[in-house]
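First to last, the sequence lines map onto chains Z and L. Position 73 (the first sequence) corresponds to 73 in this note's numbering; numbering is contiguous. Position 3 (the second sequence) corresponds to 3 in this note's numbering; numbering is contiguous. Glycine included, every Cβ here is placed at the ideal spot set by N, Cα and C.
Number of protein chains: 2
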Amino acid sequence: MQSHQILKEHIAKTIALTDDQFDYFFSHFKSQSFKKGQAIIASGDTVEREYFVLDGCLKSFYINDDQKMFILQFAMPTWWTSDYNALYSGVKATINVDCVTNAEVLYISNSDREKLCKEIHEVEHFFRWRTNRGYVASQKRLLSFMNNDAKHRYEELLAQYPALYNMVPKHLIAAYLGVSRETLSRLYNP
Amino acid sequence: MQSHQILKEHIAKTIALTDDQFDYFFSHFKSQSFKKGQAIIASGDTVEREYFVLDGCLKSFYINDDQKMFILQFAMPTWWTSDYNALYSGVKATINVDCVTNAEVLYISNSDREKLCKEIHEVEHFFRWRTNRGYVASQKRLLSFMNNDAKHRYEELLAQYPALYNMVPKHLIAAYLGVSRETLSRLYNP
DNA sequence: CTTAGATTGTGATGTAGGTCACGTAAGTTC
DNA sequence: GAACTTACGTGACCTACATCACAATCTAAG
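Okay, structure coming up:
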């Protein structure tokens, strides 16, 4: 499927744009291919773009002072990702984004998104709802962290993304769950 | 200060409305007083409104099956709160909101907010940015949970809201940090 | 084929924080 | 001002998970 069509169907779930409007909207995106392991945003970068995944899987993650990795999000097809704090506030990136698998993405610059939001009211509506959903999801995950143990969170994750199990190495799943890879290993090999 | 003025100054930080536009916007809000301890949203409710705090302090929290409380947010003056999952999706509340102190709030219905967002492009922009900031804050808190121990999170909280220390009982701070009140007590009485 | 790097399992041991139990002090209510 | 309730501290013990160490596969590059 064409990237044009993938994005169009994704947008159409939230707002109704005419074909001309969508073509104009789409003209602000560029596509790019990445290889497995390749970095898209590195800590310290100036972040100017956000990414829409067409194919493959990205991860956004934080590396702490002890070089330990914490994964905020796996971005699958039709997911958006970036270091939003850096993108919105203009500060340097503290979050990294790279490729778990080979990946195809569309990207749009922060300024083009803002321009489109201003020009087309419906587009602003779309981005408001996208963030609304992200906010609710983020609060749910926070609650799960406070409330549930690692085993419970692991089952939750697999229920939500069965594909992940055979797609990404276990130490990345551990980094998403916030446990050590050893503990994760013991969870399903008791 | 009048509630009209408090909301006006809050909104003006993000968007520019004419006086007439703001008056129209404001006409969709109603004010309400609550006593300390009073419930605003209870788990199981249908949620139709979101709340803007004028004075006092609210908390939004989750109660798990063991009757253990987890605080998502303390809402201070000029903060917004609700069960956003319930509000946006029309499902029953799973989050509770009540008053840590006596409180004055403004509230607006979900349908009036959506109507205003449609009628006034700038208003939609305001709510998009409000959620953007909330999303970034929520991700930061999630990272802090994964990365830092309870003592670190406690110091972070006090740095961010020094007022809380003398305003809310310690067991609520513990419920925000995701530790038991005993552990919190031992953190600052070593 | 061969070597180097990932990936995963598993034992031994350490620790942050939970739970239970009890005591004290400070508000509240009648 | 007595009777309750809420807030807070603290000791004893328990548990989930981290860390360290080592072995076994598996994969990819030369």
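Problem set entry | Whole-angstrom C-beta distance between residue 82 of chain Z and residue 135 of chain L, which should lie under 8 Å | Here residue 135 of chain L refers to the residue found at position 135 when the second sequence is read from its first residue. Here residue 82 of chain Z refers to the residue found at position 82 when the first sequence is read from its first residue. Contact flag wrong, Cβ pair sits at about 12 Å.
Problem set entry | Segment contact flag, the region 26-41 of chain L with the region 165-185 of chain Z, C-beta cutoff 8 Å, min 3 pairs | no
Exercise. Which residue comes first and which comes last in the alpha helix (DSSP H) that contains residue 231 of chain Z?
Worked result: With chain Z covering only 1 through 190, there is no way to say anything about residue 231 of chain Z.
Problem set entry | Buried or exposed by the 16-neighbour rule on C-beta atoms within 10 Å, applied to residue 60 of chain L | Along the second sequence, read from residue 1 onward, the residue named residue 60 of chain L stands at position 60. Buried: at least 16 other Cβ atoms inside 10 Å.
For this session: Work out the CA separation of residue 52 of chain Z and residue 74 of chain Z for me, nearest whole Å.
Result: Taking the first sequence and counting its residues from 1, the one referred to as residue 74 of chain Z is at position 74. Taking the first sequence and counting its residues from 1, the one referred to as residue 52 of chain Z is at position 52. For residue 74 of chain Z and residue 52 of chain Z, the distance between alpha carbons rounds to 12 Å.
For this session: Spell out whether any CB of chain L is found under 8 Å from the CB atom of residue 171 of chain Z.
Result: Within the first sequence, the letter at position 171 stands for residue 171 of chain Z. So, not an interface residue.
Exercise. Does the region 11-22 of chain Z come close enough to the region 54-70 of chain Z that 3 or more CB-CB pairs lie under 8 Å?
Worked result: no
Exercise. At a Cβ cut of 8 Å, what residues of the region 147-168 of chain Z count as close to chain L, listed as they run along the chain?
Worked result: 147
For this session: Counting only the same chain and skipping the five closest in sequence on each side, list residues whose C-beta sits under 8 Å from that of residue 158 of chain Z.
Result: Locating residue 158 of chain Z in the first sequence gives position 158, where the first residue counts as 1. Here the set comprises 164 and 165.
For this session: Could you tell me the distance, in whole angstroms, from the CA atom of residue 40 of chain Z to the CA atom of residue 99 of chain Z?
Result: Indexing the first sequence from 1 puts residue 40 of chain Z at position 40. Indexing the first sequence from 1 puts residue 99 of chain Z at position 99. Looking at the two C-alpha atoms, the distance is approximately 8 Å.
Exercise. Chain Z partners of residue 9 of chain L, CB-CB under 8 Å?
Worked result: If you number the second sequence from 1, residue 9 of chain L lands on position 9. Going along chain Z, no residue has its Cβ under 8 Å from residue 9 of chain L, so there is no contact; the nearest lies around 21 Å.
For this session: For residue 182 of chain Z, count neighbouring Cβ atoms within 10 angstroms of its own Cβ and tell me buried if that reaches 16, exposed if not.
Result: As a position in the first sequence, residue 182 of chain Z is number 182, starting the count at 1. Residue 182 of chain Z is exposed by the Cβ-count criterion.
Exercise. Expressed to the nearest angstrom, what Euclidean distance is found between the alpha-carbon atoms of residue 65 of chain L and residue 87 of chain L?
Worked result: Working through the second sequence from its first residue, we reach residue 65 of chain L at position 65. Working through the second sequence from its first residue, we reach residue 87 of chain L at position 87. Their Cα atoms are separated by approximately 23 Å.
Problem set entry | Within chain L, the residues that residue 28 of chain Z reaches when beta carbons sit closer than 8 Å | Locating residue 28 of chain Z in the first sequence gives position 28, counting from the first residue. The premise fails here: residue 28 of chain Z is roughly 17 Å from chain L at the closest Cβ pair, so nothing lies under 8 Å.
For this session: Tell me whether residue 131 of chain L is buried or exposed, calling it buried when 16 or more other Cβ atoms sit within 10 Å of its Cβ.
Result: Taking the second sequence and counting its residues from 1, one reaches residue 131 of chain L at position 131. So residue 131 of chain L ends up on the buried side.
Exercise. Just how far apart, CA to CA, sit residue 114 of chain Z and residue 28 of chain Z?
Worked result: Taking the first residue of the first sequence as position 1, residue 114 of chain Z is located at position 114. Taking the first residue of the first sequence as position 1, residue 28 of chain Z is located at position 28. Their Cα atoms are separated by approximately 11 Å.
Problem set entry | Continuous beta strand (DSSP E) assignments of at least 3 residues falling wholly in the region 24-64 of chain Z | 30-34, 39-41, 49-55 and 58-63
For this session: Indicate the three-state DSSP secondary structure (helix, strand or coil) for residue 131 of chain Z in the structure shown.
Result: Taking the first sequence and counting its residues from 1, the one referred to as residue 131 of chain Z is at position 131. Looking at residue 131 of chain Z - three-state DSSP - the assignment turns out to be helix.
For this session: Could you tell me the boundaries of the alpha helix (DSSP H) in which residue 173 of chain Z lies?
Result: The residue labelled residue 173 of chain Z in the question sits at position 173 within the first sequence. Residue 173 of chain Z -> alpha helix (DSSP H) spans 170-177.
For this session: Going by CA-CA distance only, name the one from L:105, L:68 and L:189 that's closest to residue 76 of chain L.
Result: In the second sequence, residue 76 of chain L corresponds to position 76, counting from 1. Of the listed residues, the one whose Cα sits closest to residue 76 of chain L is L:105.
Problem set entry | Cβ pair residue 142 of chain L, residue 141 of chain Z closer than 8 Å | Here the question's residue 142 of chain L lines up with position 142 in the second sequence. Here the question's residue 141 of chain Z lines up with position 141 in the first sequence. Yes; because the gap between Cβ atoms is below 8 Å, this pair is in contact.
Exercise. Got a sec: is the Cβ-Cβ distance from residue 24 of chain Z to anything in chain L below 8 Å?
Worked result: Here residue 24 of chain Z is taken as the residue at index 24 of the first sequence, counted from 1. The Cβ of residue 24 of chain Z sits no closer than 8 Å to any Cβ of chain L.
For this session: Scan the region 122-136 of chain L for residues whose Cβ lies nearer than 7 Å to a Cβ of chain Z and list them as they occur along the chain.
Result: If the cut-off is 7 Å between Cβ atoms, the region 122-136 of chain L has 124, 125, 127, 128, 131, 132, 134, 135 and 136 near chain Z.
For this session: Return the Cβ separation of residue 95 of chain Z and residue 49 of chain Z in integer angstroms, given the expectation that the two are a contact with Cβ distance under 8 Å.
Result: One-based indexing of the first sequence puts residue 95 of chain Z at position 95. One-based indexing of the first sequence puts residue 49 of chain Z at position 49. Wrong, their Cβ atoms sit about 13 Å apart, outside the cutoff.
Exercise. Hey, how far is the Cα of residue 149 of chain L from the Cα of residue 119 of chain L?
Worked result: The residue given as residue 149 of chain L occupies position 149 in the second sequence. The residue given as residue 119 of chain L occupies position 119 in the second sequence. The alpha-carbon atoms of residue 149 of chain L and residue 119 of chain L are separated by roughly 46 Å.
For this session: Quick one: residues in its chain with C-beta nearer than 7 Å to the C-beta of residue 26 of chain Z, no 5 flanking neighbours on either side, listed in chain order?
Result: Within the first sequence, residue 26 of chain Z is the residue found at index 26, counting from 1. Once the five neighbours on either side are set aside, the close Cβ partners of residue 26 of chain Z are 4 and 7.
Exercise. When DSSP builds the beta bridges, which residues end up paired with residue 92 of chain Z?
Worked result: Residue 92 of chain Z sits at position 92 when you count from the first residue of the first sequence. Its beta-bridge partners are Z:46.
Exercise. Where do the N-terminal and C-terminal ends of the alpha helix (DSSP H) with residue 73 of chain Z fall, by residue?
Worked result: Numbered from 1 along the first sequence, position 73 holds the residue referred to as residue 73 of chain Z. No alpha helix (DSSP H) contains residue 73 of chain Z, which is instead part of the beta strand (DSSP E) from 69-75.
Problem set entry | Cβ distance (whole Å) where residue 70 of chain L is taken to contact residue 147 of chain Z below 8 Å | Looking up residue 70 of chain L in the second sequence gives position 70. Looking up residue 147 of chain Z in the first sequence gives position 147. So it is a contact: roughly 6 Å between Cβ atoms.
For this session: Could you work out which residue in Z:102, Z:45 and Z:67 is closest to residue 84 of chain Z when comparing CA atoms only?
Result: Within the first sequence, residue 84 of chain Z is the residue found at index 84, counting from 1. Taking only the C-alpha atoms, the option nearest residue 84 of chain Z is Z:45.
Exercise. Quick one: what does DSSP say residue 161 of chain L is sitting in, helix, strand or coil?
Worked result: Here residue 161 of chain L corresponds to residue number 161 of the second sequence, with the count starting at 1. Note: residue 161 of chain L maps to coil in three-state DSSP.
Exercise. Measuring CB to CB, does residue 121 of chain Z end up less than 8 Å from residue 121 of chain L?
Worked result: The sequence position of residue 121 of chain Z within the first sequence is 121, counting from 1. The sequence position of residue 121 of chain L within the second sequence is 121, counting from 1. It is a contact, given that the beta carbons lie within the stated cut-off.
Problem set entry | chain Z contacts from the region 46-75 of chain L (Cβ-Cβ distance under 7 Å) | Listed in sequence order: 62, 64, 70 and 72.
Problem set entry | Span separating the alpha-carbon of residue 20 of chain Z from that of residue 80 of chain L | To locate residue 20 of chain Z, count along the first sequence from 1; it is residue 20. To locate residue 80 of chain L, count along the second sequence from 1; it is residue 80. Their backbone Cα atoms lie some 37 Å apart in a straight line.
Exercise. Skipping 5 residues on each side, what residues in its chain have a beta carbon closer than 7 Å to that of residue 116 of chain Z?
Worked result: On the first sequence, position 116 is the one that residue 116 of chain Z refers to. Hits under 7 Å: 25, 28 and 123.
Problem set entry | Residues of the region 74-88 of chain Z with Cβ closer than 9 Å to any Cβ of chain L, in chain order | When C-beta distances to chain L are compared with 9 Å, the residues of the region 74-88 of chain Z below that value are 84, 85 and 88, in chain order.
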